[in-house]
Amino acid sequence: MIDYRIRIQSAAAHRYAVTLTIPEPQAEQIVSLPVWIPGSYMVREFGRHLSAFEARQGRQARGVEPLDKTTWRVRCEGRAALVLSYEVYAFDTSVRTAYLDIKRGFFNGTSVCLRVHGGEALPHRLRLEGLPRGWQVATAMAADADAGKRRYIAQGYDELVDHPFELGTFWHGQFTAAGIVHEWVVAGALPSFDGQRLLADARRICEAEIAFWHGDGAKAGKRGARGRPAACGVPFDRYVFMLNAVEDGYGGLEHRASTALIASRRDLPRRGVAPSGDGYVTLLGLISHEYFHSWNVKRLKPIELAQIDFTRENYTQLLWFFEGFTSYYDDLLLLRSGLIDAPRYLKLLARTLSGVAAMPGRRVQSVAQASFDAWVKYYRGDENTPNATVSYYTKGSLVALCLDLTLRLHGQGTLDDVMRRLWAASAGGPVSEADIFAAADAIAGRRVSRELQAWVHGRGDLPVAALLQRLGVRCTQEQAGFAARLGLKLSEGPVTGIQVRSVLRDSVAERAGLSAGDEILAADGWRVRRLEDALAWVDLAAGFDLLLVRDQRIVSLRVHALDAQAAKADGAVTFRLDIEATPVHPAAAVRDAWLARADIAAPVR
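Okay, here's the thing in structure tokens:
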């Protein structure tokens with residue numbers, strides 16, 4: 002058994018001490034630390050936080066030889082156990098790595114647990130030591146009944162690093178959905194945090210998603226070959242949500258029986274206060290998204306990721322499906338679970354549609370290409386990102402919408418049926434693009450994969466508005482703000498508060514010569530603190546002058562007239578979706594089935 006002892010060496014200095022014991026090492030034992038964490042497609046170089054590496058066999062020190070940036074070799078003698086010790090610096094509040102201070106600890110195994118080459122399939126035990134008095138532990142990893150308190154066991158390295166740990170003093174609650182215990186831990190919440198409201202709403206999400214995949218009356222299923230979940234049962238028998246509430250943050254990372262979340266504490270529900278605004282709905286959508294991943298990416302996964310290689314990038318063109326289709330269902334399942342109503346759902350959908358339309362990069366890159374390029378583009382955005390890329394999350398969700406509405410309008414099933422067919426056919430395992438296309442064709446009863454192929458690998462706009470119109474959902478365009486009409490994305494600047502973050506391709510601003518980093522001082526000779534204020538005096542039809550600061554120099558540029566073409570440019574308009582008010586629409590029944598229009602209790606306003 003591979004054994005890890007993780008000790009809090011210094012919470013104030015953010016250091017874990019790790020001792021790894023390999024009972025029967027190879028003569029030349031290789032160990033390595035992953036360079037990425039599954040679910041977050043970027044090489045993150047976790048090894049840069051590892052230091053003070055030492056090795057011993059009994060009383061004899063052994064040399065540790067680095068082979069590359071994240072791999073080491075130890076030459077052993079005899080069969081004595083090899084004991085490796087090292088420190089891990091942990092001061093990243095994200096859900097992807099490790100964190101430690103005097104109030105809280107958190108880690109993913111990919112950041113702290115070296116992989117023992119040749120021993121990946123052996124049982125792995127993890128022991129926690131040195132926790133301050135009163136600290137709790139939360140994880141979905143199974144407790145090691147034979148090893149005492151704070152001892153955990155995993156059936157191999159892949160499982161070990163797929164169970165994050167939350168440490169500290171946190172709020173704890175739980176509920177049961179489909180007979181399965183779901184635990185919640187929340188760190189950093191305000192004293193007024195309404196945990197019972199969060200539990201009740203999360204339960205509705207979980208019940209809706211379990212029913213989606215397995216039907217009513219579903220329960221945890223037995224594991225099949227190689228630990229693969231039986232297609233007829235829920236693929237876990239316990240689930241843990243770990244939420245870190247911070248002043249400002251948002252994100253999540255899925256795991257096989259848990260998820261790590263980060264959210265702004267102001268978006269959490271408060272006792273005695275009805276949730277309002279978009280913050281709480283956004284949090285519920287994140288919960289829905291990460292929980293849906295328990296099926297769609299953790300089990301049903303790209304065939305290229307059937308066997309994870311922790312040493313390098315793992316390329317796939319299928320993130321449009323695994324992230325995009327999950328993004329389609331996250332808000333839709335809030336609607337089905339009664340947490341939002343149809344108008345709120347259409348508002349969220351319109352926001353996605355507007356966001357994709359504002360990205361000139363959608364004409365440069367397909368969602369299949371965006372999936373492949375995630376390693377160097379999606380997580381490394383810069384000022385040119387809107388012009389060069391498209392999000393496989395947002396456009397992928399619109400591909401799912403188009404496929405779902407196409408199937409519904411032809412009366413040949415729904416996207417739900419496609420998803421469940423893939424789950425059953427693969428027994429909850431890897432799938433290829435051909436498998437996805439074949440499942441869609443089988444449900445449609447025709448070659449709908451031809452359209453799907455064009456949407457996924459093409460760079461044209463999707464027929465979202467036309468499909469919605471056929472359902473009796475009106476799609477109207479509204480004028481965007483002044484900055485968007487110019488083709489600018491702004492951020493707060495050091496002097497005036499107006500700094501250019503991005504200039505959209507072929508926009509009025511690009512033609513005028515604006516660049517990322519420019520800070521706008523004045524328009525037509527008048528000082529501006531909000532660009533929208535300039536609408537009170539500039540003449541859009543005649544054009545106007547902008548005074549800028551660029552690299553400490555004053556620059557004056559002429560913005561030419563905003564013509565009819567500019568008014569329809571990328572980002573110049575936003576979309577609004579409404580159910581048509583006509584008494585009876587030919588596709589009203591199809592539309593209402595899609596929108597799950599029924600009596601629903603107390604949606605979040």
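Numbering (the working numbering), first residue to last: 2 to 606.
Beta carbons are placed, not taken as given, at the ideal position from N, Cα and C, and that holds for glycine.
By the C-beta density criterion, Arg80 is exposed, having fewer than 16 other C-beta atoms within 10 angstroms. If you draw a straight line from the Cα of Ala589 to the Cα of Ser427, it is about 35 Å long. Contact between the stretch 63-82 and the stretch 402-414 is absent: fewer than 3 CB-CB pairs across the two stretches fall below 8 Å. Between the C-alpha atoms of Asp342 and Lys348 there is a straight-line separation of about 10 Å.
Cα atoms of Phe54 and Glu305: separation of roughly 33 Å, rounded to the nearest angstrom. For Gly252, the enclosing beta strand (DSSP E) starts and ends at Tyr251 to Glu255.
In the three-state reduction of the DSSP assignment, Pro431 falls in the strand class, which pools E and B. In this structure the stretch 470-490 does not lie against the stretch 411-422, because fewer than three pairs of beta carbons, one per stretch, are closer than 8 Å.
According to DSSP, Ile206 shares a beta bridge with no other residue. Ranked by how close their Cα comes to the Cα of Leu51, the residues Glu25, Gln30, Ser86 and Arg74 have Ser86 in first place.
Going by DSSP, Phe47 is part of no alpha helix (DSSP H) at all; its letter is neither H nor E. For Gly40, the secondary structure class from DSSP, reduced to helix, strand or coil, is coil. Under DSSP, the beta-bridge partners assigned to Tyr87 are Val19. For Ser95 against Gly252, the beta-carbon gap comes to about 7 Å, under 8 Å, which counts as contact. With a cutoff of 8 Å on beta-carbon distance, Arg57 and Val84 are scored as near each other. Taking the Cα of Ser259 as reference, the smallest distance to any Cα among Arg451, Trp185 and Ser193 is reached at Trp185. Considered as a whole, the stretch 324-348 harbours 325-337 as its complete alpha helix (DSSP H) runs of no fewer than 4 residues, in chain order. Every beta strand (DSSP E) of 3 residues or more that sits fully in the stretch 393-481 is shown, in chain order, as 474-480. Around the beta carbon of Phe322, a 10 Å sphere encloses 16 or more other beta carbons of the protein chains shown; the residue is thus reported as buried.
Residue environment for Val529: buried (at least 16 other C-beta atoms within 10 angstroms of its C-beta). With 16 or more neighbouring CB atoms inside 10 Å of its own CB, Glu452 falls in the buried class. The residues Ile3, Gln30, Ala82, Leu83, Val117 and Gly120, in chain order, have a CB closer than 7 Å to that of Ile23 in the same chain once the five nearest residues on each side in sequence are set aside.
Ranked by how close their Cα comes to the Cα of Pro124, the residues Gly518, Arg300 and Tyr153 have Tyr153 in first place. In the DSSP assignment, Asp593 falls within the alpha helix (DSSP H) that extends over Ala589 to Trp595.
Between Pro303 and Gly429, the CB-CB gap reaches or exceeds 8 Å. When rounded, the separation of the alpha-carbon atoms in Asp145 and Glu208 is 29 Å. Distance from the CA atom of Ile521 to the CA atom of Leu549, rounded to whole angstroms, is 5 Å. In this structure the stretch 286-305 does not touch the stretch 269-278; the number of beta carbon pairs closer than 8 Å is below three. Lys302 is bridged by DSSP to Pro431.
Between Leu199 and Leu269, the C-beta spacing is below 8 Å.
Within the stretch 503-588, complete alpha helix (DSSP H) segments of at least 4 residues are found at 509-513 and 565-568, given in chain order.
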